[in-house]
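In our numbering, the protein residues as written are 136 to 438. Yeah, the Cβ is synthetic: ideal placement off N, Cα and C, and Gly gets one too. In what follows, a single structure is set out as structure tokens and then discussed.
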Amino acid sequence: ELAKEIAGGEQYIISAVMHADERNREASERLGRDVFHYHLHVVYLPVVEKQIRWSKRCKDPALRGTVRETIMQVSHSKKWPMVPMTDDQGQPVLKKNGKPRLVSSYSLLQTQFFEHMRQAGFTDFERGVQGSDAEHLNVLEYKVQKDRQTVAELSDQTKQLQGQRKELISQVKNISGSIREVADIEQRAKTKGVLEKRVELPVQDFQTLCEMAKATGKLQAENRSLRMQLQQSTVREQELRQRLHYCEEQMDAVLNETRSYREAMRVAPEQVQAFVLGICRRQQEEKRLNRQQRRQRAKGQDR
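Shown next as structure tokens:
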């Protein structure tokens with residue numbers, strides 16, 4: 136609906152194809168299932184209304200300068216004019232050289248898309264900084280950047296788990312030592328001939344023995360819980376190490392496969408972009424011709 140509104144009507148849209156052929160690797164790995172990006176490719180004619188006026192050479196003076204007819208004109212510059220950017224007070228935003236900063240057509244389209252989605256009820260995303268000088272990353276650079284970010288996050292998680300694992304091991308050792316002390320006291324008490332039926336102890340020692348006896352069950356339960364946490368932490372650490380190794384391999388593979396492309400972009404970016412754009416246009420033209428052929432064959436069969 137937004138595409139029809141921007142194009143001025145469905146009759147000006149040549150093709151509109153929804154794709155879901157780009158897998159979000161980071162989200163897929165985090166959620167444990169495949170997550171794809173949905174995006175819409177729209178090819179349309181930038182049509183605007185143009186008023187044809189009577190010229191000064193018109194014989195009727197009353198008609199001179201008035202609108203003779205209104206036609207639909209194909210014009211990209213008029214469809215997406217460069218408008219001056221203004222601040223919150225409505226004043227024009229100037230560049231360093233004093234000239235007004237203009238809003239690009241792509242920025243206008245982003246604003247329209249954002250407002251349309253907000254009105255449709257999708258409020259869980261934000262509009263980027265309008266007029267920002269930050270350049271958009273291409274798909275390859277974005278994927279490499281996200282892979283590096285994922286590797287860094289996994290490395291941090293692995294280090295945290297290693298620290299937790301060491302702490303759990305220390306706690307298990309301390310509790311195991313306390314349990315052994317209580318077990319030694321109980322064993323000495325049960326050993327025949329070591330203790331008599333009636334033993335005289337200082338009050339403080341007796342209270343200590345009672346407290347240690349009561350704490351035995353609690354210490355054993357805490358020991359089992361800590362051992363379980365240690366086991367879970369070890370398993371999680373192994374999983375993160377595997378994911379980290381996989382991400383590093385994938386990032387190395389992407390960098391190796393695209394080394395020639397990145398070198399070409401560094402040396403001659405304009406020629407590479409023109410070459411890629413030409414390939415995309417040829418593919419779109421082939422798809423359009425294939426659709427026309429299928430429609431013609433379908434019409435022939437109906438006859």
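Asked: Candidates Leu-229, Gln-292 and Leu-180, of which the one nearest Gln-146 by Cα; Found: Leu-180
Asked: Sheet register partners of Ser-150 (DSSP bridge); Found: Val-178
Asked: Three-state secondary structure assigned by DSSP to Met-220; Found: coil
Asked: Unbroken alpha helix (DSSP H) run spanning Arg-203, endpoints; Found: Premise fails: Arg-203 lies in the beta strand (DSSP E), 202–209, not in any alpha helix (DSSP H).
Asked: Within the segment 380–408, ranges of the alpha helix (DSSP H) (whole runs, at least 4 residues); Found: 394–402
Asked: Residue span of the alpha helix (DSSP H) that contains Thr-246, given as start and end; Found: 240–254
Asked: Where Val-286 falls: helix, strand or coil (DSSP); Found: helix
Asked: Cβ pair count under 8 angstroms reaching 3, the segment 191–203 against the segment 222–236; Found: no
Asked: Identified DSSP bridge partners for Pro-227; Found: Thr-221
Asked: Pair within 8 angstroms by beta-carbon distance, Glu-164 and Arg-378; Found: yes
Asked: Cα-Cα separation, Arg-394 to Lys-185; Found: 49 angstroms
Asked: Cutoff 6 angstroms; reference Ala-155; Cβ partners in own chain excluding five residues on either side; Found: Phe-171 and Tyr-173
Asked: Proximity below 8 angstroms, CB of Val-182 to CB of Met-220; Found: no
Asked: Ala-388 versus Met-400: straight-line alpha-carbon distance, rounded; Found: 19 angstroms
Asked: DSSP three-state assignment for Asp-259, whether helix, strand or coil; Found: coil
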